[in-house]
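**Q**
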Amino acid sequence: MTTNDHVEASANVTVEEVIAVAITQFSTDGFDGTKLEDISRASGMSKRMIHYHFGDKRGLYLQSLNSAMDSLQPPSDQLVIDSAVPVEGMRKLVDCLFEIFMNNQDAVRMVVEENTHPVLEAAEHPEVTDVSGVMLHINRLLMLGQDSGAFRPGISATDLYLLMTSMTLLPVATHNITQSLFNVDLYAKENVAGLHRLVVDMVLAFLTSNIPDSGHQSYLEEDISESKSDSSASIYEDGSDDIFS
1 MTTNDHVEAS ANVTVEEVIA VAITQFSTDG FDGTKLEDIS RASGMSKRMI HYHFGDKRGL
61 YLQSLNSAMD SLQPPSDQLV IDSAVPVEGM RKLVDCLFEI FMNNQDAVRM VVEENTHPVL
121 EAAEHPEVTD VSGVMLHINR LLMLGQDSGA FRPGISATDL YLLMTSMTLL PVATHNITQS
181 LFNVDLYAKE NVAGLHRLVV DMVLAFLTSN IPDSGHQSYL EEDISESKSD SSASIYEDGS
241 DDIFS
C-alpha cells in the first residue's frame, strides 16, 4: 500500500471504529499489553491519525473506557416508568441491564480490567461516564415501590445498581474458575438464560422479602463530600409531574 493509499484508507475510518477496536484490544491485553500499531493495523487508521485524534495511547484509553461505560448504560427509552406496578418496572430494568452487559462483553472486560489494573487517576474517574439517568430511574422505582408497600425500606439506588451489575459481571470475572470448580460454563446459552433468571429473582426477592427493618436507610454509605445524589425532593423533577409519562 502506498502512502497516499494509506492516507485515503485512514480518512475512511471513523473515530468510533477505532474506539471499538481499541476496546477489544484493551479488554484483551490490558493497557500495557496493547500497542497502537496493533490498533492501527486492525482498524485501518494510521498511527499518525490515531495520535491526531486521541493524542496518545492514554488519551485513546480514556475515550475508549468512556465509550465502554456509555455502552453499558440503558437507553433513555428504557428509563420510563410505564406501569404502576413497581415489581414489573424493576423487572424490566434488570432485563435491560442484563441484556446490555451480556451483549457488550468487551466493554465489560475493559471496565473489569480498569478496576483490577487501574490506569486512570482517581481525579479522572468522574470524566468516564454519567450514570445519573439510571440512578434516577432506580430511585423513582424504589420510591414508587416503597410508598406502595411493595418494596421494603432500607434499600438505596446504589445498593440495587451494584447488586444488579455485580451479577452481570460474573461471566467475565469468574468464568474460568466457575468452570474449573463446578463444571459450569457461564457462557453456555442455557446458563446465560439461567443467570438471567437468577439476577431477576435475586433482585426482586431482595426488594420484596419480609426482612425486619434494620433502621438503616441503605446497606452502603456514600462519601458525603463526594456525593452528587439527587435529594428526595428532586427525584421527580424531570420536566413533568407525571412519572408515568
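Counting in full-length UniProt numbering, the sequence shown runs from 1 upward without gaps.
For glycine and all other residues, C-beta sits at the position ideal for the given N, C-alpha and C.
1) Leaving aside the five residues before and after I211 along the sequence, list all residues of the same chain whose C-beta is less than 8 Å from its C-beta, in chain order.
2) Buried or exposed: S214, going by 16 or more other Cβ atoms within 10 Å of its Cβ?
3) Less than 8 Å separating the beta-carbons of Q78 and C96?
4) Does the region 150 to 165 come into contact with the region 183 to 195, if we say contact requires no fewer than three beta-carbon pairs (one atom in each stretch) closer than 8 Å?
5) V18 and I50: beta carbons closer than 8 Å?
6) Would you say N104 lies against chain D (beta-carbon separation less than 8 Å)?
7) According to DSSP, is G194 helix, strand or coil?
8) Beta-carbon separation of S218 and I155 under 8 Å?
9) Counting pairs of Cβ atoms below 8 Å between the region 103 to 113 and the region 168 to 180, do you hit three or more?
10) What residue does the alpha helix (DSSP H) around S156 start on, and which one ends it?
11) Using 8 Å as the threshold, is the region 20 to 29 in touch with the region 39 to 49, meaning 3 or more CB pairs across them?
12) For a quick check, are the C-beta atoms of L62 and L93 less than 8 Å apart?
13) With C-beta atoms as the reference, is N66 less than 8 Å away from V15?
14) Is DSSP giving T14 helix, strand or coil here?
15) Among the candidates L220, E222, V203, whose CA atom is the shortest distance from the CA of V87?
16) Sort E99, I138, S148 by Cα distance to L195 and report the nearest one.
17) What are the complete alpha helix (DSSP H) segments, minimum 4 residues, inside the region 77 to 134?
**A** The structure says:
1) Working through the sequence shown from its first residue, we reach residue 211 at position 211. Correct list, in chain order: R152.
2) Mapped onto the sequence shown, residue 214 falls at position 214. Classification for S214: exposed.
3) Your numbering for residue 78 matches position 78 in the sequence shown. Your numbering for residue 96 matches position 96 in the sequence shown. Result yes, Cβ atoms of Q78 and C96 sit closer than 8 Å.
4) no
5) What you label residue 18 is simply residue 18 of the sequence shown in a count that begins at 1. What you label residue 50 is simply residue 50 of the sequence shown in a count that begins at 1. It is a contact, given that the beta carbons lie within the stated cut-off.
6) As a matter of chain content, chain D is missing from the structure shown, which is built from one protein chain.
7) The sequence position of residue 194 within the sequence shown is 194, counting from 1. Looking at G194 - three-state DSSP - the assignment turns out to be helix.
8) Start at 1 with the first residue of the sequence shown, and residue 218 comes out as number 218. Start at 1 with the first residue of the sequence shown, and residue 155 comes out as number 155. Against a cut-off of 8 Å, the Cβ pair of I155 and S218 comes out as a contact.
9) yes
10) Sequence index remark: in the sequence shown, residue 156 carries index 156 (1-based). Looking at the DSSP string, S156 is not in any alpha helix (DSSP H), and its letter there is neither H nor E.
11) yes
12) Within the sequence shown, numbered from 1, the residue matching residue 62 stands at position 62. Within the sequence shown, numbered from 1, the residue matching residue 93 stands at position 93. No.
13) Taking the first residue of the sequence shown as position 1, residue 66 is located at position 66. Taking the first residue of the sequence shown as position 1, residue 15 is located at position 15. The answer is no: Cβ separation not under 8 Å.
14) By one-based count along the sequence shown, residue 14 stands at place 14. The answer is coil: DSSP assigns T14 none of H, G, I, E or B.
15) Residue 87 sits at position 87 when you count from the first residue of the sequence shown. Closest option to V87, Cα to Cα, is V203.
16) Taking the first residue of the sequence shown as 1, we reach residue 195 at position 195. It is E99.
17) 86 to 103, 105 to 116
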